[in-house]
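Colleague: Under our numbering, the first residue of the sequence shown carries the number 21, and numbering increases by one thereafter.
The beta carbon of each residue, even a glycine, is placed where N, CA and C say it ideally should be.
Computed from a predicted model, the values in this text were never measured in an experiment.
If you scroll down you'll find the structure; I have some questions about it.
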Amino acid sequence: MSWTTLGNGSLLIITDLMVTLIFCHFTAPLSRHYFAIATNPGAQFYMFTSLSAWLIQLSGRQFNIPQERDDPNATISSILEVIRELGHSLNFSPAKLKQGCGEYCIYVLDRLADEALKRQHFKWARPIYPQEEEDEETIVVDDAAELTLDKLEDEDAVIDEMDNDDDFEEEPMMRLDDLQSLNQAKLKETCSKPENILESHTDFADWKLEVERVTPQLKVMIRTDNKDWRLHVDQMHQHKSSIENSMSETKSYLTQLQDEITHTLEKIASREKYVNKQLDHALVDYRAIQDQLAEIKERYRQASGGLTERSRTLAEVTEELEKVKSDMEERGNTMTDGAPLVKIKQVLQQLKKECAQMDVRIGVVEHVLLQAKLKDKNIQNKQAHTVESQEF
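Dropping the structure here:
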């Protein structure tokens with residue numbers, strides 16, 4: 021089982037793991053990068069523990085499916101204990117698995133998936149290649165690249181030598197049909213052997229004309245086959261030769277460039293040393309002036325600090341002085357101004373008038389009350405006389 025880490029291990033492509041889970045009949049809806057990127061730590065951790073428990077059960081071990089309320093530390097320790105029992109090494113802390121995603125979670129799932137497949141005795145089936153269409157393009161060999169039967173036989177011989185040189189461990193397969201045909205051919209040869217020596221009476225010019233006439237008809241149509249290893253080998257040799265040619269040219273250019281860069285760096289270093297020697301005295305003076313400037317800045321800072329304190333005190337004193345001046349002006353205005361006395365006199369006169377009016381009103385009210393009392397008294401006397409007269 022292979023798995024690839026991208027960047028600093030934060031993103032993992034889990035193609036083989038997902039294929040393994042499909043073969044184990046795991047039907048939960050998971051994306052290809054579910055355990056690679058942190059999206060929902062709680063849900064990812066629960067899915068990680070549930071999937072680990074399911075794979076452990078498939079590997080033939082008893083393991084309870086964890087619940088959301090279970091202690092995560094206990095669940096992780098149980099899963100890691102099973103991993104150790106299976107013989108796998110763990111070079112990380114259990115806290116790395118609490119996130120529910122990342123490199124180590126995928127490592128644990130990968131190991132458990134392998135064990136589950138081993139337990140189920142899973143075997144990969146042979147690949148089925150798609151059938152090629154009949155109207156596939158064919159290569160017609162031109163006169164320059166024309167292949168005759170003799171050339172094909174030569175190429176087959178060369179290819180056989182290459183196969184022998186590459187030490188392919190393929191044993192020749194014997195077929196009964198081939199043996200029977202070979203025996204029949206030998207019998208025919210023995211039966212058709214002439215008793216006398218055969219002599220050819222063919223004219224060489226006629227034979228040459230016949231060969232030239234038949235040669236165009238002996239052209240071989242070779243179909244392109246992308247699965248032919250010979251084509252790939254030729255391509256590899258071509259690429260290798262082109263890389264070697266370009267490498268030789270590029271190497272010379274790079275060597276020349278390296279020499280130029282080295283020479284330039286040496287010039288720069290020597291020039292830098294010369295400039296440093298010329299500027300040593302100036303640098304010493306510059307450092308001394310910088311120290312003096314730092315001392316002057318410190319003195320200025322201290323002096324400016326006292327100045328700000330004094331300016332603040334001056335502002336407070338000025339504010340108090342302004343308040344005192346305003347109070348004195350208000351008091352002076354009240355002492356020199358006669359308008360209040362006039363107002364007081366006017367108010368007193370108005371009060372006297374109001375008092376006289378109130379006296380008149382009081383007299384009128386007393387008179388009215390006196391008349392009312394007299395009327396009541398007369399009414400009471402009349403009532404008393406009437407009562408006495410009725411009694412007699």
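(1) Using the C-alpha atoms, what's the distance from Ile399 back to Thr406?
(2) On the DSSP letters alone, give me the boundaries of the alpha helix (DSSP H) that Glu286 sits inside.
(3) Measure the C-alpha to C-alpha separation of Ile288 and Lys297 and round it to an integer number of angstroms.
(4) Considering Trp144, what are the terminal residues of the alpha helix (DSSP H) in which it resides?
(5) Among the residues of its own chain, which have a CB less than 7 Å from the CB of Thr282, if the five just before and after it don't count?
(6) Buried or exposed, going by whether 16 or more other CB atoms sit within 10 Å of the CB of Tyr306?
(7) Look at the alpha carbon of Leu394 and the alpha carbon of Lys402, and state the distance between them as a whole number of angstroms.
(8) What is the residue span of the alpha helix (DSSP H) that Asp396 lies within?
(9) Would you say Gln64 and Gly120 are within 8 Å of each other, going by their C-beta atoms?
(10) Using a threshold of 8 Å, state whether the C-beta atoms of Asn84 and Ala94 are closer than that.
(11) Leaving out five residues before and five after Leu100 in sequence, what residues of the same chain have Cβ atoms less than 7 Å from its Cβ?
(12) Any idea what DSSP makes of Pro114, helix, strand or coil?
(13) Alpha carbon to alpha carbon, how far is His387 from Val380? Give it in angstroms, no decimals.
(14) Does Ile126 pass the burial test, meaning 16 or more other C-beta atoms within 10 Å, or should it be called exposed?
(15) Is Phe68 buried or exposed, if buried means 16 or more other CB atoms sit within 10 Å of its CB?
(16) Go ahead and pull the three-state DSSP assignment for Asn84.
(17) Between the alpha carbons of Leu238 and Ala225, how many angstroms are there, rounded?
(18) Do Leu129 and Leu71 count as a contact pair if the criterion is CB distance below 8 Å?
(19) Below 8 Å between beta carbons: does that hold for Gly122 and Lys116?
(20) Please report how far the alpha carbon of Glu336 lies from the alpha carbon of Glu329, in whole angstroms.
(21) Distance check for Thr333 and Glu339, CA to CA, integer angstroms please.
(22) In three-state terms, what does DSSP make of Asp163?
Modeller: Short version:
(1) Indexing the sequence shown from 1 puts residue 406 at position 386. Indexing the sequence shown from 1 puts residue 399 at position 379. Approximately 11 Å between the Cα atoms of the pair.
(2) Position 266 of the sequence shown, counted from the start, is the residue given in the question as residue 286. Note, Glu286: alpha helix (DSSP H), 249 to 298.
(3) Residue numbering aside, residue 288 sits at position 268 when the sequence shown is read from its first letter. Residue numbering aside, residue 297 sits at position 277 when the sequence shown is read from its first letter. Between Ile288 and Lys297, the C-alpha separation is close to 14 Å.
(4) For this step, residue 144 is matched to residue 124 along the sequence shown. Trp144 -> no alpha helix (DSSP H), and no H or E assigned at all.
(5) Start at 1 with the first residue of the sequence shown, and residue 282 comes out as number 262. Nothing listed; no residue qualifies.
(6) Along the sequence shown, one-based indexing puts residue 306 at 286. Looking at its Cβ environment, which holds fewer than 16 other Cβ atoms inside 10 Å, Tyr306 is exposed.
(7) If you number the sequence shown from 1, residue 394 lands on position 374. If you number the sequence shown from 1, residue 402 lands on position 382. Taking the straight line from one Cα to the other gives about 12 Å.
(8) Residue numbering aside, residue 396 sits at position 376 when the sequence shown is read from its first letter. Annotation for Asp396: the continuous alpha helix (DSSP H) segment containing it runs 359 to 411.
(9) Position 44 of the sequence shown, counted from the start, is the residue given in the question as residue 64. Position 100 of the sequence shown, counted from the start, is the residue given in the question as residue 120. A contact, by the Cβ cut-off of 8 Å.
(10) Locating residue 84 in the sequence shown gives position 64, where the first residue counts as 1. Locating residue 94 in the sequence shown gives position 74, where the first residue counts as 1. Going by beta carbons, Asn84 and Ala94 fall outside the 8 Å limit.
(11) To locate residue 100, count along the sequence shown from 1; it is residue 80. Leu110, Pro114.
(12) Within the sequence shown, residue 114 is the residue found at index 94, counting from 1. Helix at Pro114.
(13) Here the question's residue 380 lines up with position 360 in the sequence shown. Here the question's residue 387 lines up with position 367 in the sequence shown. Between the alpha carbons of Val380 and His387 lies a gap of roughly 11 Å.
(14) Along the sequence shown, one-based indexing puts residue 126 at 106. With 16 or more Cβ atoms within 10 Å of its Cβ, Ile126 is classed as buried.
(15) Along the sequence shown, one-based indexing puts residue 68 at 48. Buried.
(16) On the sequence shown, position 64 is the one that residue 84 refers to. Three-state result, Asn84: coil.
(17) Residue numbering aside, residue 238 sits at position 218 when the sequence shown is read from its first letter. Residue numbering aside, residue 225 sits at position 205 when the sequence shown is read from its first letter. Roughly 20 Å between the two C-alpha positions.
(18) The residue you call residue 71 lines up with position 51 of the sequence shown. The residue you call residue 129 lines up with position 109 of the sequence shown. Going by beta carbons, Leu71 and Leu129 fall inside the 8 Å limit.
(19) If you number the sequence shown from 1, residue 122 lands on position 102. If you number the sequence shown from 1, residue 116 lands on position 96. Yes, Cβ-Cβ distance for Gly122 and Lys116 is below 8 Å.
(20) One-based indexing of the sequence shown puts residue 336 at position 316. One-based indexing of the sequence shown puts residue 329 at position 309. Distance between the alpha carbons of Glu336 and Glu329: 11 Å.
(21) Position 319 of the sequence shown, counted from the start, is the residue given in the question as residue 339. Position 313 of the sequence shown, counted from the start, is the residue given in the question as residue 333. Cα to Cα, the separation comes out at about 10 Å.
(22) As a first step, residue 163 is located in the sequence shown; it is residue number 143 there, counting from the start. With a pLDDT of 43 at Asp163, under the threshold of 50, the predicted position of this residue should be treated as unreliable, and no value is reported.
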